[in-house]
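Below you'll find the structure, written out as structure tokens, and then a few comments.
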Amino acid sequence: MLFPSMSYMDNLCFNMDHSFPNIWASRGMRRSIWEEYSPLLGAEAFDMRVDDLTDRQKYDLVFTRLLLQRPKVVFCIHPFKKAGVAIRSHIWELIDRLLKKDIAVVILALNLADSLALADRLIRLRLGRIQETYRREDFVKLPYNTPWLYLYREKYPK
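Taken in order, the sequence shown gives residues 36 to 193; the numbers are from this note's numbering.
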């Protein structure tokens with residue numbers, strides 16, 4: 036979702052012209068975005084080439100773009116794949132920001148350990164059909180071989 040040939044600001048504002056038709060012509064609008072988001076993203080990031088950004092800065096850029104676009108639903112496909120512990124924790128924070136802005140987040144993942152910490156519902160699919168649905172308070176009913184199950188058994192006792 037990043038375009039190395041585009042500037043940081045252009046990547047951040049990518050696809051915003053649907054909501055703000057003058058985004059590319061208005062220096063004031065882009066300056067306003069810089070003033071609002073540079074404390075969060077780091078002012079130095081706006082001057083960097085996208086290829087030179089750290090993984091954390093790249094995640095910040097993509098998730099902040101989503102915040103600016105304000106979609107109703109975001110689909111995250113394997114958001115934690117190949118991410119170290121520090122980045123995983125940061126991704127959780129970024130997804131939580133979306134949730135706090137009332138943006139629904141659907142995480143498509145094979146690894147439950149990554150997703151259950153954020154989930155309010157778990158839907159198991161098999162052959163393209165819903166096999167089971169669990170609400171957060173029902174996580175204690177998950178099979179015993181479910182990763183991180185002990186966290187939910189302690190928090191939501193039977």
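Glycine included, each C-beta is placed from N, C-alpha and C at the ideal position.
Annotated as distal: N50 and V85, with beta-carbon spacing of 8 Å or more. For L153 against I130, the beta-carbon gap comes to about 6 Å, under 8 Å, which counts as contact.
Ranked by Cα distance from S40, the first of M83, T168 and R123 is M83. Secondary-structure assignment with DSSP links F110 through a beta bridge to V141. By the CB criterion at 8 Å, L88 and L75 fall outside the cutoff. For I158, the uninterrupted beta strand (DSSP E) segment begins and ends at R156 to R161. In the three-state reduction of the DSSP assignment, R66 falls in the helix class. Apart from the 5 residues on each side of it in sequence, D52 sits with its Cβ closer than 6 Å to the Cβ of I58 in its chain, given in chain order. Looking only at R62, R65 and I126, the smallest Cα-Cα distance to F115 is reached by I126. Between the beta-carbon of R170 and that of R159 there is about 13 Å, and that puts the pair past the 8 Å contact cut. Per DSSP, the beta-bridge partners of I165 are L160. L145 is not a Cβ neighbour of V109, given a cutoff of 8 Å. Between Q92 and S54, the C-beta gap is not smaller than 8 Å, which leaves the two residues out of contact. For a cut-off of 8 Å, the C-beta gap from R65 to M44 is around 6 Å, short enough to register as a contact. Shown here, R91 sits in a helix according to DSSP, grouped into three states.
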